[in-house]
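Peer 1:
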Amino acid sequence: MRTLVRLLCRFNGHDLQTLSPAHCLPAQKRNQSSFARLSGRRKRIVVAVTGATGSPLAVALLKRLQELKVETHLIMSKWGGVTLKYELEAPSNTVLYLESLASVTHSSLDVSASLSSGSFRTDGMIVVPCSMKTLAGIRMGYDNDLIVRAASVTLKERRRLVLVARETPLTSIYLENMLEVTKAGAVVFPPVMAFYTRPSSIDDMVQQSVMRMIDLLDLGVIDGDMEDEARWSGFDWAGKVKKQNI
């Protein structure tokens, strides 16, 4: 068998000492094998968390992506961890807890990470919440940390980038930054409350926003758990009256 493999390698112009058995296949077969591995992998999303208010959105999104079997790569800024601790109750308010929800974690300071290169294949990225500082960095292409660098890579590779912008009111500077990143291909998603769902809790509002984020990431999955209550289907006065009378 080894002699046969050696002959195949020589036939295809390869050195057995430096190449794996996969390289000994003809080019067409190698390409088919690579395509099979790529098409068979599960969806991969980069999730970045900055210091803007909105930590419950990040936690809920990571939980839902985990349930949907999506591979997640988490990047959290220093102030993202501080805000998380302030906005949520224990045990859900620690960096370790958030990291436990992700498939892989990366330091925001490590600009040498795999996410810094377009050759590392992902299906998109979401910054949730997205601070105005991070928005400005993405707009200017100022890749001073892994969050902004990964966002720049997502844009240059023409992949989906969703920015869950958290700020109000908005200055002309913020609005111009939002306009420019939108022109570059990003989707700016302010987590605006949907009152038509008649939310009864903060969690209801969070879950509706998370559903919309997953829609925008275009993962080829439908968040079926929220189909009835969280999606607009036209005015249904009878249904609303019935719901109120219960």
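When we follow the numbering used here, the leftmost residue of the sequence shown carries the number -17, and every step to the right adds one.
For glycine and all other residues, C-beta sits at the position ideal for the given N, C-alpha and C.
These numbers come from a predicted model, not from an experiment.
#1: Under the three-state reduction of DSSP, which class applies to Leu56: helix, strand or coil?
#2: Who are the near neighbours of Tyr79 in its chain, counting only those whose CB is closer than 7 Å to its CB and skipping five residues on each side?
#3: Just the Cα atoms here: how many angstroms apart are Pro38 and Arg140?
#4: Helix, strand or coil: how does DSSP classify Ser89 here?
#5: Per DSSP, which one or two residues make a beta bridge with Leu145?
#6: Indicate, with yes or no, if the ligand COA has a heavy atom lying under 7 Å from the CB of Trp61.
#7: So, at 6 Å on beta carbons, what are the nonlocal neighbours of Met114 in its own chain, with the 5 sequence-adjacent residues on each side left out?
#8: What do you reckon, are the CB atoms on Val192 and Phe171 nearer than 8 Å?
#9: Taking all protein chains shown into account, do 16 or more other C-beta atoms lie within 10 angstroms of the C-beta of Ser154, making it buried, or fewer, making it exposed?
#10: Let me know the secondary structure DSSP gives Ala176 once reduced to three states.
#11: Given a threshold of 16 other Cβ atoms within 10 Å of its Cβ, counted over all protein chains shown, does Ser134 qualify as buried or as exposed?
#12: At what residues does the beta strand (DSSP E) containing Arg26 begin and finish?
#13: Between the segment 119 to 133 and the segment 22 to 34, are three or more C-beta pairs nearer than 8 Å?
#14: In the DSSP assignment, the alpha helix (DSSP H) including Leu44 goes from what residue to what residue?
#15: Quick check on Met201: does DSSP put it in helix, strand or coil?
#16: List the whole-angstrom C-beta distance separating Leu128 from Ser89, where the pair is believed to meet the contact cut-off of C-beta under 8 Å.
Peer 2: Straight from the coordinates:
#1: Taking the sequence shown and counting its residues from 1, one reaches residue 56 at position 74. Strand, per DSSP.
#2: For the purposes of this step, residue 79 is identified with residue 97 of the sequence shown, where counting begins at 1. Closer than 7 Å at the Cβ level, and outside the excluded window around Tyr79, lie Pro73.
#3: For the purposes of this step, residue 38 is taken as the residue at position 56 of the sequence shown. For the purposes of this step, residue 140 is taken as the residue at position 158 of the sequence shown. Distance between the alpha carbons of Pro38 and Arg140: 28 Å.
#4: Stepping through the sequence shown from its first residue, residue 89 is reached at position 107. Here Ser89 sits in strand by DSSP.
#5: Start at 1 with the first residue of the sequence shown, and residue 145 comes out as number 163. BP columns for Leu145 point to Val109, Val170.
#6: Looking at this structure, you won't find the ligand COA or any other ligand, since it has none at all.
#7: For the purposes of this step, residue 114 is taken as the residue at position 132 of the sequence shown. Once the five neighbours on either side are set aside, the close Cβ partners of Met114 are Glu149, Tyr156.
#8: Position 210 of the sequence shown, counting from 1, holds the residue named residue 192. Position 189 of the sequence shown, counting from 1, holds the residue named residue 171. No; because the gap between Cβ atoms is not below 8 Å, this pair is not in contact.
#9: Within the sequence shown, residue 154 is the residue found at index 172, counting from 1. Exposed, by the Cβ-count rule.
#10: On the sequence shown, position 194 is the one that residue 176 refers to. Coil, per DSSP.
#11: Counted from its first residue, the sequence shown places residue 134 at position 152. Buried: at least 16 other Cβ atoms inside 10 Å.
#12: In the sequence shown, counting from the first residue as 1, residue 26 sits at position 44. That run of the beta strand (DSSP E) goes 26 to 31.
#13: Touching, per the Cβ criterion.
#14: In the sequence shown, the residue the question calls residue 44 occupies position 62. It spans 37 to 49 - the alpha helix (DSSP H) in which Leu44 sits, taken as one unbroken run.
#15: Along the sequence shown, one-based indexing puts residue 201 at 219. Note on residue identity: the sequence assigns Leu, not Met, to residue 201. The answer is coil: DSSP assigns Leu201 none of H, G, I, E or B.
#16: As a position in the sequence shown, residue 128 is number 146, starting the count at 1. As a position in the sequence shown, residue 89 is number 107, starting the count at 1. Yes, they are in contact, since the Cβ atoms of Leu128 and Ser89 sit about 7 Å apart, within 8 Å.
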